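Notes follow once the structure below has been shown.
This is the structure:
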């Protein structure tokens, strides 16, 4: 297994996505919202939000949502322990946001991928910010059904 293979689909990679995502939306988000937003962002082409998908196109990608949720959980645990993300248990349930340290880390993430991720995430947030986490899951499931019928 190469070094590159050990980076992708890991809590480390997801930690970077979480920091970028929370840096774009500028509000608290649930674990489900973070997983769903990231899922849509990396598959933006399949949702009509970009010319292609950040991680390439795959008809099998929709089976990854449950695994992504677990990666997000692991990433958030580490980010909270490192003081990068703040966790709050309030009326909306458990939500997460960047700390000052997290905002500094977000500003330091400079690459072509990070720039594209932020651009696409802004589109995702504009389109779906008024949807509930349950509605987002339904949108993902419906899109999955469409893709699998192709």
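In my numbering, the protein residues as written are 16 to 165.
Think of the CB as a built atom: it goes at the ideal place given N, C-alpha and C, for glycine as much as any other residue.
All values derive from a computational prediction rather than experimental measurement.
Original post:
Does the distance from the C-beta atom of residue 54 to that of residue 155 stay below 8 Å?
Top reply: Closer than 8 Å, so yes.
Original post:
Can you list the beta strand (DSSP E) stretches of 3 or more residues lying completely in the region 81 to 160, in chain order?
Top reply: With a minimum length of 3 residues, the continuous beta strand (DSSP E) runs that stay inside the region 81 to 160 are 100 to 105 and 108 to 113.
Subject >> Alpha carbon of residue 117 to alpha carbon of residue 58, nearest angstrom >> reply: Computed Cα separation, rounded: 25 Å.
Subject >> Between the CA atoms of residue 140 and residue 149 - distance to the nearest angstrom >> reply: Those two C-alpha atoms are separated by around 15 Å.
Original post:
Using 8 Å as the threshold, is the region 37 to 51 in touch with the region 80 to 96, meaning 3 or more CB pairs across them?
Top reply: Cβ pair count under 8 Å is three or more, so yes.
Subject >> Reference residue 42, options 160, 80, 102 and 96, closest by Cα >> reply: Ranking 160, 80, 102 and 96 by Cα distance to residue 42 puts 102 first.
Subject >> First through last residue of the alpha helix (DSSP H) which encompasses residue 50 >> reply: Looking at the DSSP string, the run of the alpha helix (DSSP H) that includes residue 50 is 46 to 57.
Original post:
What's the gap between the Cα of residue 109 and the Cα of residue 147?
Top reply: Residue 109 and residue 147 have their alpha carbons spaced roughly 14 Å apart.
Original post:
Alpha carbon to alpha carbon, how far is residue 131 from residue 66?
Top reply: Distance between the alpha carbons of residue 131 and residue 66: 12 Å.
**OP:** Assign residue 56 to one of two classes, buried (16 or more other C-beta atoms within 10 Å of its C-beta) or exposed (fewer than that).
**Re:** Classification of residue 56: buried, given that the 10 Å Cβ count is 16 or more.
Subject >> Continuous alpha helix (DSSP H) stretch holding residue 63: start and end >> reply: Run containing residue 63: none; DSSP gives neither H nor E here.
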